[in-house]
Every structure is written in structure tokens, then in C-alpha cells.
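Q: In order, the protein sequences belong to chains A and B. Those letters in the first sequence? Residues 52 to 268, per this note's numbering, in order. Those letters in the second sequence? Residues 52 to 268, per this note's numbering, in order.
Protein chains: 2
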Amino acid sequence: MSARRFPEMDRREISQAVIRRLPRYLRYVNMLLAGGVERVSSGGLAEGLGLTASQIRQDLNCFGGFGQQGYGYSTEKLSASISAILGIELGYRAVLIGVGNLGRALLGKFSFGRSGLTIIGAFDIVPELSDVGGVRVYTLDKLSAFLTEHAPEAAVLTLPADKALDMAVRLRDGGVRAIWNFTSTDLQGLGLVVEDVLLSDSLMTLCYRLSQRQPHG
Amino acid sequence: MSARRFPEMDRREISQAVIRRLPRYLRYVNMLLAGGVERVSSGGLAEGLGLTASQIRQDLNCFGGFGQQGYGYSTEKLSASISAILGIELGYRAVLIGVGNLGRALLGKFSFGRSGLTIIGAFDIVPELSDVGGVRVYTLDKLSAFLTEHAPEAAVLTLPADKALDMAVRLRDGGVRAIWNFTSTDLQGLGLVVEDVLLSDSLMTLCYRLSQRQPHG
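Now the structure itself:
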């Protein structure tokens with residue numbers, strides 16, 4: 052059992068904490084932009100985000116800073132810069148493996164593009180004639196050839212948990228470098244970037260807060 | 052725009068950070084338990100979780116501590132205690148609103164019970180004859196009577212984003228106190244405990260890590 056099992060808590064914790072705040076900054080700044088707000092001070096960001104102004108400046112300074120003293124931040128530049136930092140504009144391509152209900156929900160409803168990913172193909176063991184959410188669904192026996200031809204950087208795993216490890220190895224051997232993992236199977240240790248979606252952790256936190264009766268609103 | 056918009060970053064940040072680590076402790080301890088491990092030292096927990104032993108002791112001391120100096124923690128007691136802290140054993144009941152692909156995926160595949168919640172009914176605008184994952188699906192016109200009769204503490208929102216705010220108000224007025232929110236609609240400010248599942252933040256983090264080529268495994 053190595054210290055890598057829970058990478059979100061390892062020695063890179065500080066910078067990872069900043070990284071994990073950036074999507075929230077981006078959501079907030081894009082909301083301001085959508086509302087026609089052209090400039091925002093660190094104090095304004097602080098109020099909107101529930102952080103201190105010095106924390107905001109410190110976070111944004113980690114990436115070189117964007118503001119001018121006494122003049123604030125351009126919301127448009129800030130949005131573009133955070134998007135660039137997050138790699139959203141790099142246009143990564145991914146396959147989705149497992150077109151069950153969760154896979155269908157993601158293909159049909161989730162805006163992958165806004166987060167920097169394009170799904171270029173979906174795969175399932177069950178033959179599927181129609182596309183889902185505009186994405187072509189292939190049978191799994193076509194996967195290896197597809198990886199060779201299109202070389203996607205990432206994969207979304209929405210297949211049954213007991214198939215996840217074998218599939219991750221197969222994807223890695225086919226050139227995939229990152230996995231968005233919905234299976235709650237431990238995929239660390241394979242040399243892949245793995246981002247786990249741990250719904251049970253989120254639900255446990257909800258139950259805890261309910262037991263404490265801490266309404267936040 | 053109040054400081055409450057992003058409550059996970061407000062002045063309760065420290066204790067919230069501990070709370071958010073507890074599900075990971077629990078997953079790890081339950082894995083040890085399943086493997087027949089009866090006792091674990093703070094050093095052992097530290098190695099498995101990628102934290103320092105002093106951080107572990109500090110976290111667990113927030114809740115009164117469980118270990119004995121030089122003797123370690125009983126995995127069984129630790130599991131039971133963390134479950135109790137998280138409120139998992141309180142047996143909260145919830146309704147699920149929106150039986151589309153995501154709602155079906157959750158009802159069919161997700162172990163609500165392990166995280167402390169029982170889904171006692173699901174609702175959708177589309178009439179549905181069959182149950183999903185053993186849960187009865189009702190049409191939405193039955194919701195108010197159901198809330199009055201069964202008084203569930205929580206709701207899972209998997210309906211379209213533009214219906215989420217109205218539904219949250221309706222649920223609150225019907226006695227629901229907590230929302231597990233998959234809609235990416237802002238539901239703060241209603242006096243409810245809201246736990247957002249922000250998939251786009253997770254995916255952005257993945258893309259960032261891919262752009263930095265930081266394999267964790």
C-alpha cells in the first residue's frame with residue numbers, strides 16, 4: 052500500500068488545493084461575464100467566492116497573477132487565462148466506455164466541451180445501432196483499432212466496476228493517458244492520470260451535514 | 052451575491068476539510084476490515100492514506116479520538132465510529148426526482164444504503180409502470196401527498212436544470228431538509244443543506260492534470 056493510493060492528499064496538496072479551486076473561479080467569473088461585468092476586484096471575487104481577498108490574490112499569483120493594483124481583473128482575460136491554465140482550450144479527445152444509463156446520461160446531458168474534452172466515440176459490449184447524444188456507439192471489439200487510428204488522450208469509464216481494471220490497462224496499452232473514473236474501482240498505480248468521481252463520499256458528506264443540521268443557504 | 056455561494060470555502064473550511072476526509076478514512080478502514088486486518092496504527096493509516104501520522108491523529112482527535120497510545124486503532128471500532136460520526140447509521144430517507152438516464156443509473160447501480168440513505172420513492176413527469184432498481188416510480192402529481200405521508204429528510208435531484216429551483220422550493224415546503232444536487236443549478240439560500248455534484252469541476256481537474264502530465268500511479 053503506497054502513499055499514492057489517495058493522491059489528492061499527498062505532498063502536492065497545496066497546489067492541488069489551488070487547482071481544485073480554479074473551476075469554481077472560472078464558473079464565477081463566467082457568470083459575471085455572462086451578466087455583462089467587465090472588471091472585478093479581488094475583494095469582489097472574495098465576496099462572491101467566500102474567500103479572503105488575500106487568498107484570491109495568492110491563488111492567482113501562483114500562476115503569475117493577472118490583475119493590476121487598484122484596477123482589478125478583466126473578467127474576459129481572467130476567464131481566458133484560467134481556461135488556459137486548466138488546459139480547457141487544448142481540446143483533448145476521449146472515448147467513453149460503457150453505454151449504460153450513466154454513460155447515456157453523460158453523453159446526452161453533460162457538456163464535455165465546456166470542460167475541455169470531446170467524446171469521439173463510445174463503446175459497449177451490447178451492439179448499438181443508433182448514436183447517443185450525437186456520439187457514435189461501437190461494439191468493444193472495435194476499440195483497439197479505434198485507439199490506434201484516433202489516439203484519444205483520455206477515457207471516461209462508466210462500465211461495471213469489475214471490468215474497470217482490465218479496461219484501464221487495455222486503454223493505457225492503447226495510448227490513453229488519463230481516465231475519468233466513475234467505477235469506484237481503484238485505478239492508481241497504472242501510470243495513468245486518474246480522476247475519480249466518488250459519489251458515495253459526496254452523499255456521506257450530505258448525511259453528515261444533515262445530522263449536524265447545518266443549513267448553508 | 053453573498054459569501055454563502057461557495058460554502059465549502061467559508062470560515063468553516065478547516066472542519067469541513069476534516070469531514071470531507073472521513074469518507075476516505077472509512078473506505079480505507081473498511082478495506083482493511085474486509086481483508087481481515089483487526090488493528091491499524093496511525094502510521095499504517097498514514098501510509099495507506101498518504102497523510103502524516105500526526106495529521107491522522109489530529110483529524111481523529113477532532114471527534115474525541117479512538118486509539119490507544121502504542122496500541123493502534125481497532126478497525127472495527129474505527130469503522131463503526133466514523134460511520135456514526137457521518138450519520139450513516141441514522142437511516143435517512145429520500146425521494147429521487149427525475150428518472151431519466153442519470154436517475155436510472157443511480158437507482159440501478161448506486162449503493163445508497165452504504166452512504167446512509169434509503170430511496171423510498173422516485174418521481175418523474177413521465178408515467179412509469181415498472182419499478183427501477185426496486186424503487187417505485189410515481190408521477191409528479193403524487194409528490195405532495197407522498198411528502199406529507201412519508202416525511203423524507205432528503206431528496207436527490209436528477210431532473211433538468213431549469214426545473215431544479217422550483218422543485219427545491221416545493222420539496223423544502225414539503226419538509227425536505229437536504230438536497231443531493233446533480234443539476235448544477237445554484238440552490239443555496241433556500242435554507243436547505245445542499246451537496247452539489249459538480250462533474251465539470253472534476254473533469255476540468257482531469258484536463259489540467261493531463262496538460263501537466265502528472266501521472267499519479
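Here a beta-carbon is modelled for each residue, glycine too, at the ideal position from N, C-alpha and C.
1) Can you give me the C-alpha to C-alpha distance between A/Thr169 and B/Arg264, rounded to a whole angstrom?
2) If B/Phe233 sits next to B/Leu208, beta carbons under 8 Å apart, how far is it from one beta carbon to the other, in whole angstroms?
3) Please say whether B/Asp110 and B/Arg78 have beta carbons closer to each other than 9 Å?
4) Give a yes or no on whether the minimum CB-CB distance between A/Ser253 and chain B is below 9 Å.
5) Could you pull the start and end residues of the alpha helix (DSSP H) that A/Thr282 belongs to?
6) By DSSP, does A/Ala202 sit in helix, in strand, or in coil?
7) With DSSP as the reference, label A/Leu83 as helix, strand or coil.
8) From the DSSP output, which residues share a beta bridge with A/Glu246?
9) With a threshold of 16 other CB atoms inside 10 Å of the CB of B/Tyr122, please say whether the residue is buried or exposed.
10) Return the first residue and the last residue of the alpha helix (DSSP H) that A/Ile176 is part of.
11) Give the residues from the region 124-150 of chain A that approach chain B closer than 8 Å (Cβ to any Cβ), ordered along the chain.
12) List the residues of chain A that B/Pro74 touches, going by C-beta distances under 8 Å, in chain order.
13) What's the C-alpha gap between A/Ile176 and A/Leu157?
14) Starting from B/Phe161, find everything on chain A with Cβ-Cβ shorter than 7 Å and list it in chain order.
15) Rounded to the nearest angstrom, how far is the Cβ of B/Leu241 from that of B/Arg221, given a contact under 8 Å?
16) Answer yes or no: do A/Ile136 and A/Ala173 have a C-beta to C-beta separation smaller than 9 Å?
17) Mind checking B/Glu89: buried by the 16 CB within 10 Å criterion, or exposed?
18) May I ask you to list the residues that DSSP assigns as paired with B/Tyr259?
19) Who are the near neighbours of A/Gly225 in its chain, counting only those whose CB is closer than 8 Å to its CB and skipping five residues on each side?
20) Measure the alpha-carbon distance for A/Pro178 versus A/Leu84 and round it to whole angstroms.
21) State the DSSP-derived secondary structure class of A/Leu153, mapped to helix, strand or coil.
22) With DSSP run on the structure shown, which of helix, strand or coil describes A/Arg90?
23) Count the other CB atoms, across all protein chains shown, that sit within 10 Å of the CB of B/Ser181; report buried if there are 16 or more and exposed otherwise.
24) Which value, in whole angstroms, describes the spacing of the CA atoms of A/Ala145 and B/Val150?
25) Closer than 7 Å by beta-carbon distance: list the chain B residues that pair up with A/Ser262, in chain order.
26) Going by alpha carbons, who is nearest to B/Leu191 out of B/Gln106, B/Ala205 and B/Met218?
27) According to the Cβ coordinates, are A/Val91 and A/Leu129 closer than 9 Å?
28) Note down, in chain order, every chain A residue with its Cβ under 9 Å from the Cβ of B/Tyr189.
A: Let's see:
1) The C-alpha of A/Thr169 lies about 18 Å from the C-alpha of B/Arg264.
2) 6 Å
3) no
4) yes
5) There is simply no residue 282 of chain A to check, as chain A begins at 52 and stops at 268 in what is shown.
6) Reduced to three states, the DSSP call for A/Ala202 is coil.
7) helix
8) A/Trp231
9) exposed
10) Run containing A/Ile176: none; DSSP gives neither H nor E here.
11) Under the 8 Å Cβ criterion, the region 124-150 of chain A contributes Ile136, Leu137, Gly138, Ile139, Leu141 and Tyr143.
12) Leu249, Ser251, Asp252, Met255 and Thr256
13) 18 Å
14) Leu250
15) Their Cβ separation, rounded to whole angstroms, is 11 Å, which puts B/Leu241 and B/Arg221 out of contact at 8 Å.
16) no
17) exposed
18) Note: B/Tyr259 sits in no beta bridge, so no partner.
19) Leu194, Ser195, Leu198 and Thr199
20) 44 Å
21) helix
22) Looking at A/Arg90 - three-state DSSP - the assignment turns out to be strand.
23) exposed
24) 27 Å
25) Gly138 and Leu141
26) B/Met218
27) yes
28) Result: empty, since nearest Cβ-Cβ is about 19 Å, beyond 9 Å.
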